[in-house]
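**Student:** Structure below; questions to follow.
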Amino acid sequence: MTTAQEISALKARERAIVLAHYYAPDEVQAIADFVGDSFYLAKVAAQTDAETIVFCGVHFMGESAKILNPSRRVLMPDLSADCAMAHMATEEQIEKLRAEVEDLAVACYINSTARLKGLSDVCVTSSNAVRIVRALPQKNILFIPDQNLGSFVAKQVPEKNFYYSGGYCPVHAVLLAEDVLSEKRAHPSAAVVTHPECTEAVRAVSDFIGSTAEIIAHAEKSDAPEMIVCTEPGVLFELKRRCPDKKFYPVSPQCADMKRNTIEGVRDCLALGRGEVLMDRADMEVAERPLRRMLALAK
Ligand code: 13P
Ligand code: SF4
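So for the sequence shown, my numbering puts the first residue at 537; every next one is plus one.
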């Protein structure tokens, strides 16, 4: 029996579904029931009636699934898969600004710990952040933890004032505009497609900016036969599947944490019931409100 066949049998035994982010390894995306960006996967997790959700992503994704659907068992192939940016804001930063600035909303990127979510007014993902922040009644926005996504939103919502906690994604932030321009010199007719977690300098030399799902949807619609891809290269699996005649040139490094989700890890967590996301009830309760508000505002 292949590992994929073992997983299939275990999914039936455990009444389980497998969710994978576009940054998960190719072979994991290939066996998943649902593959998508953070927002899509959060919605699938919130709505499923499967007894077990195997979440092939990073820890904040497993936490969000558990918070939005607490009666389900959430397993992760490797519980140590964490997003470094999820910790890049502090309670002190939030409290200080709440005390100093009137008419303030804290908008929290879903790439954050449940505790940070619980201190926030609303969660956002890269595919809905502009729409949600624009819809908030407050004039002042503390955007945590990603300053790059925050500054991307700020450009499109100029009527509000933005404050930041100063966090960043180590995978996206290391890419330099110079790296993109040198790739462009090698492929002059290629369009540049970029995740908003990249720096402002990289965004400035891009033709399209969007979440992983938006990049894939754009590639399908676009006439460009070649694209320089400024996000984690795991998206190339779906890009090539949907656009077999186009060429894609990845320029960002891999997210080592996303790559912890191995196909053997999927099998073993289902077989042994290990890697369960267990959360403090108080953390779950406070983080639920901003997550549900995101789901409502993003409609
Ligand atoms: P999206 O899934 O919203 O594209 O975000 C990418 C990411 O970095 C997830 O960790
Ligand atoms: Fe976090 Fe960046 Fe990895 Fe996404 S790519 S999980 S933001 S470290």
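A virtual CB, placed ideally from N, CA and C, is assigned to each residue, including glycine. Fair warning: this is a prediction, and the values are worked out from it, not measured in the lab.
(1) Does DSSP classify residue 676 as helix, strand or coil?
(2) Quick one: is residue 653 buried, meaning 16 or more other Cβ sit within 10 Å of its Cβ, or exposed?
(3) For residue 730, list the residues DSSP reports as bridge partners.
(4) Runs of 4 residues minimum, wholly inside the segment 703-727: which ones carry the alpha helix (DSSP H) assignment?
(5) Would you mind working out which of 555, 631 and 583 sits nearest residue 598, comparing C-alpha positions?
(6) Just how far apart, CA to CA, sit residue 608 and residue 808?
(7) What's the gap between the Cα of residue 548 and the Cα of residue 584?
(8) On a Cα-Cα basis, can you pick out the residue from 803, 804, 769 and 794 that is closest to residue 787?
(9) Does the segment 771-781 come close enough to the segment 678-694 to have 3 or more Cβ pairs within less than 8 Å?
(10) Can you find at least 3 beta carbon pairs, one from the segment 714-732 and one from the segment 624-641, that sit closer than 8 Å?
(11) Could you check if residue 661 belongs to the surroundings of the ligand 13P, using beta carbon to heavy atom distance under 6 Å?
(12) Using only the heavy atoms of the ligand 13P, determine whether one of them is closer than 6 Å to the beta carbon of residue 748.
(13) Is the beta carbon of residue 620 within less than 6 Å of some heavy atom of the ligand SF4?
(14) What separation, rounded to the nearest whole angstrom, lies between the Cα atoms of residue 782 and residue 834?
(15) Report yes if the CB atom of residue 594 is closer than 7 Å to the CB atom of residue 560, and no otherwise.
(16) Closer than 6 Å: is that where the CB of residue 600 sits relative to any heavy atom of the ligand 13P?
(17) Taking DSSP as the reference, what is the three-state secondary structure of residue 625?
(18) Heavy atom of the ligand SF4 less than 6 Å from the Cβ of residue 647, yes or no?
(19) Counting C-beta neighbours from all protein chains within 10 Å, is the total for residue 613 16 or more, i.e. buried, or is it exposed?
(20) If you compare alpha carbons, which of 544, 582 and 662 is closest to residue 602?
(21) Using the three-state DSSP reduction, which class does residue 593 fall into: helix, strand or coil?
(22) Going by alpha carbons, who is nearest to residue 681 out of 669, 645, 755 and 665?
(23) Pick helix, strand or coil for residue 654, following the three-state DSSP scheme.
(24) Report all residues from its chain with a CB closer than 6 Å to the CB of residue 744; omit the five preceding and five following residues, and keep chain order.
(25) Taking 6 Å as the line, does the beta carbon of residue 805 fall inside it for any heavy atom of the ligand SF4?
**Tutor:** Per the coordinate set shown:
(1) DSSP places residue 676 in strand when its eight states are reduced to three.
(2) Per the 10 Å Cβ criterion, buried.
(3) Bridge partners of residue 730: 745 and 766.
(4) Listed in chain order, they are 706-709 and 713-722.
(5) Measuring from the Cα of residue 598, the nearest candidate turns out to be 555.
(6) If you draw a straight line from the Cα of residue 608 to the Cα of residue 808, it comes to about 17 Å.
(7) Looking at the two C-alpha atoms, the distance is approximately 15 Å.
(8) Ranking 803, 804, 769 and 794 by Cα distance to residue 787 puts 769 first.
(9) Two segments are said to touch when three or more pairs of C-beta atoms, one from each, lie closer than 8 Å; by this definition the segment 771-781 does not touch the segment 678-694.
(10) Contact fails: fewer than three Cβ-Cβ distances are below 8 Å.
(11) Placement of the Cβ of residue 661 at a distance of less than 6 Å from at least one heavy atom of the ligand 13P is found.
(12) Inclusion of residue 748 in the 6 Å shell around the ligand 13P follows from its C-beta lying nearer than that to a non-hydrogen atom of the ligand.
(13) Yes.
(14) About 31 Å.
(15) In this structure, residue 560 does not lie closer than 7 Å to residue 594 by Cβ.
(16) Residue 600 Cβ: outside cutoff for every heavy atom of the ligand 13P.
(17) Per DSSP, reduced to three states, the secondary structure at residue 625 is coil, with no helix or strand assignment.
(18) Yes, Cβ of residue 647 sits closer than 6 Å to a heavy atom of the ligand SF4.
(19) Residue 613 should be labelled buried.
(20) Among 544, 582 and 662, the Cα nearest to that of residue 602 belongs to 582.
(21) Residue 593: coil per DSSP, three-state reduction.
(22) Residue 681 has its Cα closest to that of 645, out of 669, 645, 755 and 665.
(23) Reduced to three states, the DSSP call for residue 654 is helix.
(24) Counting only Cβ-Cβ distances below 6 Å, and skipping sequence neighbours, we find 729 and 754.
(25) Incorrect: residue 805 has no Cβ contact closer than 6 Å to the ligand SF4.
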